[in-house]
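Here's the structure we're looking at; comments come further down.
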Amino acid sequence: MCKMPQINSTDSIKLMKLIEKRLDTRGQVLTINKKVIVKILLENSEHLTVDDIVGISEKNKYKKLDRTTVYRILSKFESYDIVDSIVLNDNKKRYELTYLKNPHYHIYCNECNNMSEFENLDIHDKFLSQLKNENFQPMNFNIIINGVCKKCQ
Numbered sequence: 034m035c036k037m038p039q040i041n042s043t044d045s046i047k048l049m050k051l052i053e054k055r056l057d058t059r060g061q062v063l064t065i066n067k068k069v070i071v072k073i074l075l076e077n078s079e080h081l082t083v084d085d086i087v088g089i090s091e092k093n094k095y096k097k098l099d100r101t102t103v104y105r106i107l108s109k110f111e112s113y114d115i116v117d118s119i120v121l122n123d124n125k126k127r128y129e130l131t132y133l134k135n136p137h138y139h140i141y142c143n144e145c146n147n148m149s150e151f152e153n154l155d156i157h158d159k160f161l162s163q164l165k166n167e168n169f170q171p172m173n174f175n176i177i178i179n180g181v182c183k184k185c186q
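Numbering (my numbering), first residue to last: 34 to 186.
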């Protein structure tokens with residue numbers, strides 16, 4: 034799975050406050066359930082599915098979360114640009130916090146289902162330049178490069 038950057042407790046608190054502010058501007062409250070989901074996304078270094086989040090919550094004895102609640106919260110978070118999602122070959126949506134990421138690209142192995150990321154600001158700048166030339170305003174984009182990793186070749 035894809036490894037995400039680890040975040041220290043001070044940054045975690047700052048990030049929680051940023052998310053709380055983002056929700057507040059939309060008339061939403063950072064409830065216990067929302068805090069638990071953010072905490073799980075912060076503490077885990079992978080893109081997580083709804084089932085992953087529910088399982089981690091149960092395993093770590095956090096507040097019990099059901100799939101519907103997690104899905105509903107993540108959908109709201111996605112519409113508020115708090116999380117991004119990607120869908121891989123297994124058709125499961127995986128989530129990551131947008132605040133932790135620079136523009137990046139996903140590399141996905143079709144054989145072992147391993148995913149990694151790379152950042153390349155030159156590529157990103159070229160994308161944005163081309164989109165500007167097309168007079169196109171991107172809202173969001175995810176690039177997933179499918180193939181076979183070195184280990185599986």
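Yeah, the Cβ is synthetic: ideal placement off N, Cα and C, and Gly gets one too.
Under three-state DSSP, which class holds Y95?
If DSSP states are grouped into helix, strand and coil, Y95 belongs with coil.
For D99, count neighbouring C-beta atoms within 10 Å of its own C-beta (all shown protein chains included) and say buried if the count is 16 or more, exposed if not.
By the beta-carbon neighbour count (other beta carbons within 10 angstroms, threshold 16), D99 is exposed.
On the DSSP letters alone, give me the boundaries of the beta strand (DSSP E) that E150 sits inside.
Taken as a continuous stretch (DSSP letters only), the beta strand (DSSP E) holding E150 covers M148 to F151.
Output needed for K67: all residues of its chain with C-beta closer than 7 Å, excluding positions within five of it in sequence on either side, in chain order.
Within the same chain, and ignoring the five residues on either side of K67 in sequence, the residues whose Cβ sits closer than 7 Å to its Cβ are I106.
For D85, count the other beta carbons within 10 Å of its own beta carbon; 16 or more makes it buried, fewer makes it exposed. Which is it?
By the neighbour-count definition (other C-beta atoms within 10 Å, threshold 16), D85 is a buried residue.
Over what stretch of residues does the beta strand (DSSP E) that includes D117 continue unbroken?
D117 -> beta strand (DSSP E) spans V116 to V120.
Of the listed residues K97, Q61 and R59, nearest to I73 (C-alpha basis)
That would be K97, whose Cα lies nearest to the Cα of I73.
Which residue from E167, T58, C185 and L161 puts its Cα closest to that of N147?
When each option's Cα is compared against that of N147, the closest is C185.
From I119 to N175, what does the alpha carbon distance come to, in whole angstroms?
I119 and N175 have their C-alpha atoms some 7 Å from each other.
Between P136 and F151, what straight-line distance do the alpha-carbon atoms span, to the nearest angstrom?
Whole-angstrom Cα-Cα distance: 9 Å.
Quick one: what does DSSP say K126 is sitting in, helix, strand or coil?
Reduced to three states, the DSSP call for K126 is strand.
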